[in-house]
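Numbering (my numbering), first residue to last: 6 to 294. Where a beta carbon is used, it is the ideal one built from N, C-alpha and C, also for glycine. Everything on this sheet refers to the single structure shown next.
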Amino acid sequence: MKIALLGASGMLGSKIADVFRARGHELDCPPHAEADLEHPHTLERFFNSHAFDALVNCAAFTQVDACEEPAKFSMSLNVNGTAVGWLAKLCKKSNRILVHYSTDYVFDGRKEEPYVETDPTDPVNTYGRTKLQGEKLVLAENPFFYLVRSSWVYGPKGRNFVDTVVGLFKTRARLEVVDDQVGGPTYTGDLALFTGELLEKKAAPGTYHFAGSGYVSWYGFAKEIQKQTGLTRCEIVGVPSERVFRPAERPANSRFDLSKAAQAVGRAPRPWSEALKDYLEHELAASRV
Ligand SMILES: NC(=O)c1ccc[n+]([C@@H]2O[C@H](COP(=O)([O-])OP(=O)(O)OC[C@H]3O[C@@H](n4cnc5c(N)ncnc54)[C@H](OP(=O)(O)O)[C@@H]3O)[C@@H](O)[C@H]2O)c1
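Right under this line is the structure:
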C-alpha cells in the first residue's frame, strides 16, 4: 500500500516507518513543516499533491504535563483535536483510509474492570481532553478510519519510562515508583505490527484497544525492567500517586480489554514482559553501543 505517515520523527512514527517498509509498503513521510497540524492549508496542499491510499497519523502534542500550562492549551487542542478533524475530513473527501492513535487517558480510570472500546470516556487531564476531542471529530466525519487507543508506550527514539528508569538505575541508590496505577505497557514494534495487520487484513473500521497482554503497576513494571537488565543496585520503593507531584492527574486504571484487537488480526498481543525483553535485548542495548 502507499502510506502517508505524519509524525515519522516521533517514537511511534519512526517505528511504524521501519516496520511498514519491511512489510513492503511504500512510505511518504512529510516533515513537520510540510504537513503541519497547526496550519490546515499545509495539510490540504499535501493531500492534493501526493498519491497515497492511507494516512497514518502519529503526529501529536504528547507532553502530558505541559498540556496543563495555560500557554500550551490552544496549541495542544489544535494539534490533538481540531487538526485531527481536518485530517478526517480530507480523508473522507479523497476516499483515503485514516489511521489515528489515541490513549488510555480518555478514560477516568475509575472502572473496576479493563476498559472496552465502547466504555464511556471522561478524561481526568487536559491532554486526555484534547485527545478525546480528536476522537470525536474522527467519529463525526465517519470516514474509513482505524482509531487505535494504546497505553504506556515505549520504544526507540522517544522519551519513555523504560529508558528513563534504566538511566536512573545506574545513577540512583533508591527510586520511588507509583504503585497504585495499573496498565499495559506497549512496545512500539508491536503496535506498529498490529497497525500494519489491520490495514493488510482490511479489518473492520472502528476503534481498537491495543497494548501488551497482561497488566502491571508502574512499580511492577520498574521491578521487571530491573530484573531483566540486572541493574539491581538501586532500591525500588512503591509509593501512592499523591507522593509524586505531577501537574496532570493520571487515571488509576489504564487496563484495556484486548479481545477486539485479537479478533481483528487473529491472535492476542504478546505478553508485555516478552516484548520488554525484546526491546531491552535488541534495541536499548544497541542504542547504547
Ligand atoms: N507515548 C505514549 O505513551 C502514548 C500512549 C498512548 C497513545 N499515544 C499516542 O501515540 C501517538 C504517537 O505518540 P508518540 O509518543 O510517538 O509521540 P512523539 O514521540 O511525541 O512524536 C510526536 C510527533 O508528532 C510531530 N508533531 C508534533 N506537532 C506537530 C505538528 N503541529 N504538525 C506536524 N507534526 C507534529 C512531532 O514532530 P517534531 O518532532 O518535528 O515536532 C513528532 O514526529 C500520539 O497520538 C499519542 O497520543 C502515545
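*Could you tell me whether the Cβ atoms of K7 and E31 are closer together than 8 Å?*
yes
*Over what stretch of residues does the beta strand (DSSP E) that includes G243 continue unbroken?*
240 to 244
*In the DSSP assignment, find the beta strand (DSSP E) that holds N62 and state where it starts and stops.*
59 to 62
_Below 8 Å, how does it come out for the region 203 to 220 and the region 162 to 180: are there three or more Cβ pairs, yes or no?_
no
_Among S222, Y192, F150, V221, the one whose alpha carbon lies nearest that of A208_ = F150
_Does the structure place the region 141 to 160 close enough to the region 94 to 113 that three or more beta carbon pairs sit under 8 Å?_
yes
_Identified DSSP bridge partners for K7_ = E31
*Mark D70 as exposed unless 16 or more other C-beta atoms lie within 10 angstroms of its C-beta, in which case mark it buried.*
exposed
*Could you tell me if K2 is buried or exposed, where buried requires 16 or more neighbouring beta carbons within 10 angstroms of its beta carbon?*
Lying outside 6 to 294, the shown extent of the chain, residue 2 is not represented and no answer is given.
*Using DSSP with H/G/I as helix, E/B as strand and the rest coil, what is P252?*
coil
*H105 lies in the beta strand (DSSP E); which residues open and close that run?*
102 to 108
*asked:* Is the separation between the beta-carbon of E73 and that of N130 shorter than 8 Å?
replied: yes
*How big is the Cα-Cα spacing for V170 and E229?*
11 Å
*Could you check which residue in D41, E140, L42, F199 has the C-alpha nearest to that of R28?*
F199
*Ordered along the chain, which non-local residues of its own chain (more than five positions away) have a Cβ less than 6 Å from that of V121?*
D262
*Can you find at least 3 beta carbon pairs, one from the region 187 to 196 and one from the region 81 to 100, that sit closer than 8 Å?*
no
*DSSP beta-bridge partners for T212?*
L152
*asked:* Alpha carbons only, please: which of E43, D184, L196 is nearest the one belonging to G18?
replied: L196
*Cβ-heavy atom distance, G15 to ligand 2, below 7 Å*: This structure lacks ligand 2; the ligands present are ligand 1.
*What are the residues that DSSP puts in a beta bridge with E181?*
V242
_Rounding to the nearest angstrom, what Cα-Cα distance links K20 and E240 in this structure?_
32 Å
*Just mark Q268 as buried or exposed, buried being the case when its beta carbon has 16 or more other beta carbons within 10 Å.*
exposed
*If you run the structure through DSSP and keep just helix, strand and coil, what is S99?*
coil
*Flag K136 as yes when its Cβ comes closer than 7 Å to any non-hydrogen atom of ligand 1, and as no otherwise.*
yes
*asked:* For a quick check, are the C-beta atoms of G86 and T126 less than 8 Å apart?
replied: no
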